[in-house]
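Down below is the structure, laid out as structure tokens.
Protein chains in written order, with the numbering used here: chain A, 1 to 319; chain B, 320 to 704.
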């Protein structure tokens, strides 16, 4: 176990190093320079550009820039080129905005997928199974922003509640219940949209896992010895079918920072994805690189967690 | 079995083709899945529409002109007929009515959808083509030559060659060309020493084994998987000049990892099978074994992931268009018709719904077809579905 942890930590650090190099190269070798960001701004004089280049070491060769950048990142004092704020503080603010979306979306995904998947596995080939299969394909195939507009029109027309943004502007002196409902309505649609793809994929996966376990000998034995069907399905089959999903908790982690650029754009939600999108538009390299670095750390950390969880849950696995 | 039949079967002891080929067997399985059949039908229909779209909307005087602006006829609802008294000669829509309405510039949405079908199809196919080729090369290398170790000399010559290419690209041509030649010479010089048991000195150092090919390729896959894919595509597309080719290439370059893994896994198991050993014993070359004997047997999962990959690529293109980084204006794609239409969603909902539903139907058909293909090509999986 210890040696496995050590080996994968080393491996992941090496991978992380290469990720940092590759993302740095992609950003810096692409045509265009950050000094071209705003040529229309009268304050953006050549002296400014010079000062800017000096302050952010843009005159140095690439490998020196690389070292400067990651030294600053690890010391926690990278600043955004756009507004001079600390990148980490900026990311933290936006992260707090994205967090409710992520939590509610994940909750919706996990609480809906399991009942749907299990039921369609138990009634395989039936009407319910066929319908959910088709619906999940539909949900995978629908373009997210098109679905978002359909949902917005539907909700606004039917319930007459505002849904764009994080809260309704100017609700300061409304009652707390009204404020709460306002927040819930604003949170609901983007979370549902964020969850659609997940529900479709996860429920199919639950279904196939469940079908596989139901075909095992020990389930047949349980049924043969006369146990009631509920006990067979939920105590013998489901528990074993759940194994791979424990590990998926680790794989959910990268979603924390990914956010959805498209959904956050539609709903004017000031979250991570939106910030990354704005940073790309403004060529704010420190923000882009930091987001990329953190998400790479989360992906690698997530796979490590899922490997370790698998080790703990399934004693048959020895690494 | 009667005596006559036994005698008859003994007459025909020479090996024959099986009565039912693999293709027929797969088709039998595929035919039973009505959803997948519908997907296949839609797939073919879409292909046909896209080709028709290319023919009907291109050329100097197309039947359906997607770029013709009629400002006096803007935001006409679907199925409305044009006001002929307001239109100049040659401005009447191809069908005599606006089948899908007109947009905010009075362009015929039907013509734009026809043109967009071809563009979306090319984006999907070219992007997936690129990713499949890279995936097969990477996965094939990892699966077939996985145990070969990269030597110090290989790394050194690769670096020298790369340096040469960079030099050629940036200025000093002669130095760059010299560097490339030096790198290749180093490679050839050390190539001969591979078979020797214990080389020594500089030669030994250059021939020292580092990591295996398999490790290198799979770590590369890991690195690529660390990037959030849509964010990476968005970054690269936003930094590069807007063009339809950049989008195809970028989507292709960022989505080959799944194919590479499938191909590697298939190659690892195929490599150990008897027919490959037999081919090798007959003295068949490595490349011929890979492409003639192993690749056809490894194609099933690649085809499935390619079909679903086309669907994903079309969705990605639509998403990029929505954010304003899609295919630039002279080309109409379903993605940018949709993202232009979103500004008029209450006045002209058809500008949103027609391309939206079209994308949905096409992507759905690709997904259903791909899933059906998976079951048909790999009947063992059928048990689990």
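Glycine is no exception: its CB is placed at the ideal position from the N, C-alpha and C atoms.
| Asked | Found |
| --- | --- |
| Identify, in the order they occur along the chain, each residue of the same chain with its Cβ nearer than 7 angstroms to the Cβ of residue 241/A, setting aside the five sequence neighbours on each side. | 209, 210 and 213 |
| Which of the three DSSP states, helix, strand or coil, is assigned to residue 399/B? | strand |
| Apart from the five residues just before and just after residue 590/B, which ones in its own chain have a Cβ nearer than 8 angstroms to its Cβ? | 462, 463 and 613 |
| Checking contacts by CB at 7 angstroms: is residue 137/A closer than that to chain B? | yes |
| Tell me, please, whether the stretch 641-661 of chain B touches the stretch 259-270 of chain A by the rule of three or more beta-carbon pairs shorter than 8 angstroms. | yes |
| Taking DSSP as the reference, what is the three-state secondary structure of residue 686/B? | helix |
| Looking only at C-alpha atoms, which of 152/A, 281/A and 317/A sits nearest to residue 244/A? | 317/A |
| Give a yes or no on contact between the stretch 294-312 of chain A and the stretch 216-224 of chain A, applying the rule of three or more CB pairs nearer than 8 angstroms. | no |
| Contact defined as beta carbons within less than 8 angstroms: I believe residue 435/B pairs with residue 653/B. What is the distance between those atoms, to the nearest angstrom? | 5 angstroms |
| Counting pairs of Cβ atoms below 8 angstroms between the stretch 161-171 of chain A and the stretch 267-278 of chain A, do you hit three or more? | yes |
| Just grab the DSSP bridge partners of residue 427/B for me. | 421/B |
| Using the Cβ count rule (16 or more neighbours within 10 Å means buried), how would you classify residue 602/B? | exposed |
| Going by beta carbon distance, what residues of the same chain come within less than 7 angstroms of residue 320/B, once the five residues before and after it are set aside? | With a pLDDT of 46 at residue 320/B, under the threshold of 50, the modelled position of that residue is not reliable, and the figure given next carries that caveat. Closer than 7 angstroms at Cβ, skipping near neighbours: no residue. |
| What is the residue span of the beta strand (DSSP E) that residue 530/B lies within? | 528-531 |
| Would you check whether the ligand HEM has a heavy atom nearer than 6 angstroms to the C-beta of residue 67/A? | By its list of ligands, the structure shown contains no ligand whatsoever, and the ligand HEM lies outside what it can speak to. |
| Determine the DSSP secondary structure at residue 470/B, reduced to helix, strand or coil. | strand |
| Name the residue from 360/B, 651/B, 575/B and 559/B whose alpha carbon lies nearest to the alpha carbon of residue 548/B. | 575/B |
| Where DSSP assigns a beta bridge to residue 86/A, which residues make up the other side? | 79/A |
| In terms of residue numbering, what span does the alpha helix (DSSP H) encompassing residue 284/A cover? | Neither: residue 284/A is in no alpha helix (DSSP H) and is coded neither H nor E. |
| Report the neighbours of residue 671/B on chain A: residues whose CB is nearer than 8 angstroms to its CB, in chain order. | 146 and 149 |
| Could you tell me whether the Cβ atoms of residue 673/B and residue 419/B are closer together than 7 angstroms? | yes |
| Buried or exposed for residue 312/A, please, with buried defined as at least 16 other CB atoms from any protein chain shown within 10 angstroms of its CB. | exposed |
| Please tell me whether residue 355/B and residue 685/B are closer than 7 angstroms, where the distance is taken between their beta carbons. | no |
| Taking 7 angstroms as the CB-CB cut-off, is residue 15/A touching chain B? | yes |
| Going by alpha carbons, who is nearest to residue 631/B out of 402/B, 561/B, 496/B and 683/B? | 683/B |
| Are residue 568/B and residue 556/B touching if we call contact CB-CB under 7 angstroms? | no |
| Quick one: which chain B residues come within Cβ less than 9 angstroms of residue 292/A? | 545, 546, 547, 550, 551 and 554 |
| Could you check what DSSP says for residue 661/B in three-state terms: helix, strand or coil? | helix |
| Just mark residue 20/A as buried or exposed, buried being the case when its beta carbon has 16 or more other beta carbons within 10 Å. | buried |
| Measure how close the beta-carbons of residue 290/A and residue 15/A come, nearest whole angstrom, since I'm counting them as under 8 angstroms. | Their Cβ separation, rounded to whole angstroms, is 18 angstroms, which puts residue 290/A and residue 15/A out of contact at 8 angstroms. |
| Using a 10 Å radius around the Cβ and a threshold of 16 neighbouring Cβ atoms, would you call residue 160/A buried or exposed? | exposed |
| Is the Cβ of residue 265/B closer than 7 angstroms to any Cβ of chain A? | The structure shown does not extend to residue 265/B, since chain B is modelled only from 320 to 704, so the question has no answer here. |
| Compute the Euclidean distance between the alpha carbons of residue 386/B and residue 432/B, then round it to the nearest angstrom. | 11 angstroms |
| Using only the alpha-carbon positions, how far apart do residue 530/B and residue 498/B sit? | 25 angstroms |
| Using a Cβ-Cβ distance cut-off of 7 angstroms, determine whether residue 392/B contacts chain A. | no |
| Within the stretch 600-671 of chain B, note down every full alpha helix (DSSP H) run reaching 4 residues or more, in order along the chain. | 614-641 and 653-660 |
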